[in-house]
Every structure is written in C-alpha cells, then in structure tokens.
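**Student:**
In the working numbering, the protein residues as written are 4 to 139.
(1) Can you give me the start and stop residues for the alpha helix (DSSP H) that residue 25 sits inside?
(2) Would residue 1 be called buried (16 or more neighbouring beta carbons within 10 Å of its own) or exposed?
(3) Which whole-angstrom value describes the C-beta separation of residue 90 and residue 10, a residue pair presumed to lie in contact below a C-beta threshold of 8 Å?
(4) Using a 10 Å radius around the Cβ and a threshold of 16 neighbouring Cβ atoms, would you call residue 105 buried or exposed?
(5) How should residue 70 be labelled, buried or exposed, when 16 other C-beta atoms within 10 angstroms of its C-beta is the threshold for buried?
(6) Enumerate in chain order the residues of its own chain whose CB-to-CB distance from residue 59 is below 8 Å, with the five nearest sequence positions on each side excluded.
(7) Can you list, in chain order, the residues of its chain whose CB lies under 7 Å from that of residue 110, leaving out five sequence neighbours each side?
(8) Excluding the five sequence neighbours on either side, which residues of its own chain have a C-beta within less than 6 Å of the C-beta of residue 123, listed in chain order?
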C-alpha cells in the first residue's frame, strides 16, 4: 500500500521501536511507497510513512534493499554531504561515511551483514538516522 509521507518533525524525531515479524507488511508498504516516489526519492524509513519501527528501504544500484532493525557496525571515509529529504523542505549538510557495514535482519528475520559503499552507503545512513530520530 502506498502511504503519504509524514512531514511532522516532532514525530520524525522520536526514536523508532525495533521491528518484529508482525511488521513485515510495513516493509512491503515501504517498497510500494518508494516505488511510487521513485522520481524524487531513493530511500525511506518506516517513520516517514507514520510507523515508528526500525525498517528502511533504499535504492541499491537500481534494486530496492529492505532492512529490518538496521544498525551501522563499522564505517570509514568520513565526508561532508548535502542531502534532501521527502519529509523536509530544501537540503542540508550531513556528515557521512564512504563505506559502512550494516547489521540488519532480512524479510525472514535472519541476521545479515552488508557492506555498502558510495551512494548506497549514503542513502542507508540517512534512513538509519531516521530510525534514530535524527533529521538532516
């Protein structure tokens, strides 16, 4: 199901709760919503569609990547980026890392690790920040 994008900073700045298997449908909703906004959006966190759970989806080289309970466990190559967000107006500066290793759960809630670099790493960091209530 496609959802409207939440723009309320008070809601978006709340830390999201861990996702459980009961939240699988939210992951599918995120995929649908990302696809509906693909012209202007490369990633979403569940709180952006009104669900306060640690779930993200992002474009990973033209293919959507869905992660439940993602956390960055390793990072390298800090740099200054300028980013936009569907939930906010304009762009803002953000400190990012060129390479990140993410621990997450897949759609079967198996623990996985994934190393991301470049653009995919930047998007994932932005969405993981959303899960922690951090806005750019």
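The beta-carbon is built from N, C-alpha and C at its ideal position, and this holds for glycine as well.
**Tutor:** The relevant details are as follows:
(1) Here residue 25 is taken as the residue at index 22 of the chain shown, counted from 1. It is not in any alpha helix (DSSP H) - residue 25 carries neither H nor E in the DSSP assignment.
(2) A question about residue 1 goes unanswered here, because the residues of the chain that appear run from 4 up to 139.
(3) Walking along the chain shown from the start, residue 90 turns up at place 87. Walking along the chain shown from the start, residue 10 turns up at place 7. 5 Å between Cβ atoms; contact.
(4) Sequence index remark: in the chain shown, residue 105 carries index 102 (1-based). By the 10 Å Cβ count, residue 105 comes out buried.
(5) As a position in the chain shown, residue 70 is number 67, starting the count at 1. By the 10 Å Cβ count, residue 70 comes out buried.
(6) As a position in the chain shown, residue 59 is number 56, starting the count at 1. Taken in chain order, the residues that qualify are 33, 46, 47, 48, 49, 69, 70, 73, 127, 130, 131, 133 and 134.
(7) The residue given as residue 110 occupies position 107 in the chain shown. Excluding residues within five positions, the ones whose Cβ falls inside 7 Å are 27, 30 and 69.
(8) Indexing the chain shown from 1 puts residue 123 at position 120. The residues are 63.
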